[in-house]
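Residue 709 is where the sequence shown ends in our numbering, and the numbering goes up by one at each step. First the structure, in the form of structure tokens, and then the observations on it.
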Amino acid sequence: MRELRQRLEVLERARLAREDTFCHDSMTDAERVWLLGHRSPAAAHWNLLTDMKGEQLAYSSS
């Protein structure tokens with residue numbers, strides 16, 4: 648359990664300092680507003696503007 652906690656601490660330090668997207672610099676304000684209301688709690692925690700979910704990833708264990 649201690650090792651898991653240490654790894655989580657490392658990941659937490661990697662959180663984005665400000666909200667960002669997956670390289671969509673041209674995202675409109677309307678898209679940003681929609682994503683703010685439709686993103687997952689995990690995406691909000693990591694400061695990501697995305698509606699992507701773990702189950703959408705082929706390599707995810709969700």
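For glycine and all other residues, C-beta sits at the position ideal for the given N, C-alpha and C.
Excluding five sequence neighbours on each side, which residues of the same chain lie with their C-beta closer than 6 Å to the C-beta of Glu666?
-> Same-chain partners within the cutoff: Asn694, Leu696.
Please say whether Arg679 and Asp698 have beta carbons closer to each other than 9 Å?
-> No; because the gap between Cβ atoms is not below 9 Å, this pair is not in contact.
DSSP three-state call for Leu704: helix, strand or coil?
-> In the three-state reduction of the DSSP assignment, Leu704 falls in the coil class, being assigned neither a helical nor a strand state.
Could you tell me whether the Cβ atoms of Gly701 and Ala689 are closer together than 9 Å?
-> Yes, the Cβ-Cβ distance between Gly701 and Ala689 is below 9 Å.
Rounded straight-line distance, which links the Cα of Met648 to that of Ser673 | In a straight line, the C-alpha of Ser673 is about 42 Å away from that of Met648.
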